[in-house]
Structures are given as structure tokens and as C-alpha cells.
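Student: Here it is, the structure, as C-alpha cells.
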Amino acid sequence: MPHQDCIAFLKWCLPRLGLRWQGYRKVHRLVCKRLNRRMGELGLTGFSHYETWLLAHPDEWSRIAALCRIPISRFYRDKDVFDAVAATVFPEAAMSARRSGIGAVRCWSVGCASGEEPYTLTLLWHFRAARDFPALDLAVIATDADEVAISRAKTACYGPSALKDLPHPWLEQTFQQSNGLFCLKPELRDRVDLRLQDIRQAMPDGSFEIILCRNLVFTYFDETLQRKMLASILDRLVPGGFLILGKHEVLPAGTDALTPLARGLPIYRRVTPSESEPRGSVG
């Protein structure tokens with residue numbers, strides 16, 4: 000199908016899903032390939048016919064939403080971000096957890112794809128933080144709307160390309176080779192609670208010291224949905240807790256509940272009640 004026809008179709012259908020074209024500019028060819036395959040399955044010969052089909056078969060919108068998911072990930076993606084997690088976020092979150100009298104630093108990985116991000120967290124804690132906080136565990140909940148991705152995450156076996164950024168000693172100590180893949184050892188794999196969950200419909204209960212929401216909400220969702228999701232995320236982030244975005248993502252304008260951790264890093268700290276109180280004038 001003509002390429003421009005697919006772009007026009009995406010600009011028509013994405014807003015109806017609460018998604019935005021800007022987030023798909025660099026990956027739209029992948030989505031178009033999936034859409035063309037789907038039209039072939041339905042026996043449709045063009046995007047205009049697909050529009051008509053969608054209007055007559057509203058159940059198809061859920062299929063479109065699934066075709067628009069972009070599960071691109073790898074271990075230790077954005078090294079500087081994870082280095083900052085080890086150097087600053089983990090120690091501060093650990094002290095907060097200790098003050099609260101809980102036995103674990105609680106983390107939520109939103110849109111975890113095949114598990115690379117939450118497992119990176121467990122490895123980072125194991126190698127860079129656990130020795131400094133022996134009385135604490137790292138409790139990670141990881142959610143994704145893609146059933147196939149969650150199934151792969153539970154298996155925790157990966158090809159070399161997914162592991163290329165991981166420090167080699169970590170790879171040697173925590174993975175076992177099997178049929179050309181590298182499989183995470185069970186004692187680390189089992190520390191992550193993987194859940195099939197679409198953030199637009201449900202979220203984990205409880206509070207978290209660290210929430211990673213990278214390359215999903217603030218890339219693909221439209222502004223209205225971004226603000227709605229951010230409000231729900233903040234309800235689960237403890238005061239002083241950390242929200243970590245993707246490298247090229249920005250928060251909606253006017254967000255005053257979060258402050259950047261450092262220039263150039265997509266890591267934000269939730270302001271505490273004392274920080275958010277208006278200061279009186281001096282005079």
C-alpha cells in the first residue's frame with residue numbers, strides 16, 4: 000500500500016486511541032508493516048477500506064491498539080540513567096524505605112516489554128547497592144499490556160543484542176547459556192513480579208519509592224492521557240520518590256509536583272509536602 004496512505008491513516012486513527020502521531024514518526028514504518036499484514040488477513044485492499052471496516056467493527060480497535068505497541072528495549076539502556084540510579088536514586092530511596100520502617104525499596108517498571116528494564120534494576124541492586132543496604136530488599140513490579148512480551152519476560156532468555164550494554168562480568172555471573180540464548184538465573188529472575196496490565200486500565204496498588212515510565216506514556220500517549228496517567232502515577236509515588244522517564248521525553252507543561260534530579264537526566268523527584276508549601280514573604 001502507498002506509504003502516504005498509511006501515514007494519513009495513522010493520523011486519523013491514533014487520536015481515537017488517545018495516541019499521538021509525533022510519537023510514531025520514527026517507528027511508523029514498523030506499525031505500517033503490521034497494519035498491511037492485518038489488512039491482508041481481513042482481505043482489505045486499502046486503508047480507506049480499513050477505515051470503513053473499523054467503523055463497522057468497533058472490536059477491531061483493540062487490535063489496532065495492539066499493533067501500535069512498540070516493545071523496543073535492552074538491558075542497561077541509557078547507561079548514564081542507570082548509573083545515576085545506582086549512585087543517587089537507590090541510596091536515597093533506601094534511606095526513605097528505612098525511615099518508613101519497610102523492608103524493601105519498592106519499584107514499578109511501567110511498560111516493561113520483555114523484562115529487560117526490571118531485570119536491569121535487579122542486577123543493578125545486586126551488584127551496586129545490596130552490599131550497602133543488607134537489611135533491605137528490592138521489590139520490583141513490572142507491567143506490560145502485551146501478553147507475548149510478558150511471557151518472554153517470565154522466560155528471561157535473551158539474544159546477545161539485548162545484552163550488549165550490560166557489563167560483561169554481570170553477564171558471566173548471572174546468566175546461563177541455553178540454545179544460543181542467555182537466560183537469567185532463577186534467583187534473580189524470581190525477584191521481579193511480572194503482571195499483564197495496561198496502564199490505561201489498571202495499575203498496581205500500593206506505593207513506590209521508584210517508578211520507571213520510559214518511552215511509553217510520554218512518547219506515545221496524547222497530552223490529555225499523559226496528564227491523566229501522570230496523576231495516577233503520582234498517587235503511587237511516595238513524597239521524595241523518583242520518577243524516571245525516557246531520555247527524550249518531557250513532562251506535560253505545568254507539572255509542579257516533580258523536580259529534576261540533575262540537568263540532562265530524565266529523573267525527577269517528587270516534592271515533599273514541606274517543599275510544596277508556599278513560602279511567606281519576608282518584611
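Numbering (numbering that gives the first Met the number 0), first residue to last: 0 to 282.
For every residue, glycine included, the Cβ atom is placed at its ideal position computed from N, Cα and C.
Only a predicted model underlies this, so the values are computations on that prediction, with no experimental measurement involved.
1. Could you compute how far the alpha carbon of residue 149 sits from the alpha carbon of residue 194?
2. On the three-state DSSP scale, how would you describe residue 191?
3. Inspect the CB distances between the segment 113-133 and the segment 40-49 and report whether three or more fall short of 8 Å.
4. On the three-pair Cβ rule with 8 Å, is the segment 220-237 touching the segment 166-183?
5. Grouping DSSP H, G and I as helix and E and B as strand, with all else coil, what is residue 282?
6. How big is the Cα-Cα spacing for residue 258 and residue 7?
7. Which runs of the alpha helix (DSSP H), 4 residues or longer, sit entirely within the segment 30-80?
8. Output yes if chain B places a C-beta closer than 8 Å to the C-beta of residue 173; else output no.
9. What does DSSP give as the partner residues of residue 140 in its beta bridges?
10. Contact between the segment 88-103 and the segment 229-245: three or more CB pairs below 8 Å?
11. State whether the segment 188-202 contacts the segment 136-155, with contact taken as three or more CB pairs (one from each stretch) at a distance under 8 Å.
12. Can you tell me which residues form a DSSP beta bridge with residue 212?
13. Note down, in chain order, each residue of its chain lying with its Cβ closer than 7 Å to the Cβ of residue 272, except the 5 sequence neighbours on either side.
Tutor: So, to answer that:
1. When the Cα atoms are used, residue 149 and residue 194 turn out to be separated by approximately 7 Å.
2. In this structure, residue 191 counts as strand in the three-state DSSP scheme.
3. Because the criterion of three Cβ pairs below 8 Å is not met, the segment 113-133 and the segment 40-49 do not touch.
4. They do not touch, by the three-pair rule.
5. Because the pLDDT of residue 282 is 33, which lies under 50, any placement of that residue in the model is unreliable, and the question is left without a value.
6. Spanning the two alpha carbons is a distance of roughly 38 Å.
7. Entirely contained in the segment 30-80, the alpha helix (DSSP H) runs reaching 4 residues are, in chain order, 46-55, 59-66.
8. The question asks about chain B, but that chain is absent: this structure has only one protein chain.
9. The partner list for residue 140 (beta bridge, DSSP) reads 107, 192.
10. Yes: at least three Cβ pairs fall under 8 Å.
11. The segment 188-202, when compared against the segment 136-155, does touch it at the 8 Å Cβ threshold.
12. Looking at the DSSP output, residue 212 sits in a beta bridge with 109.
13. Only 238 meet the Cβ criterion.
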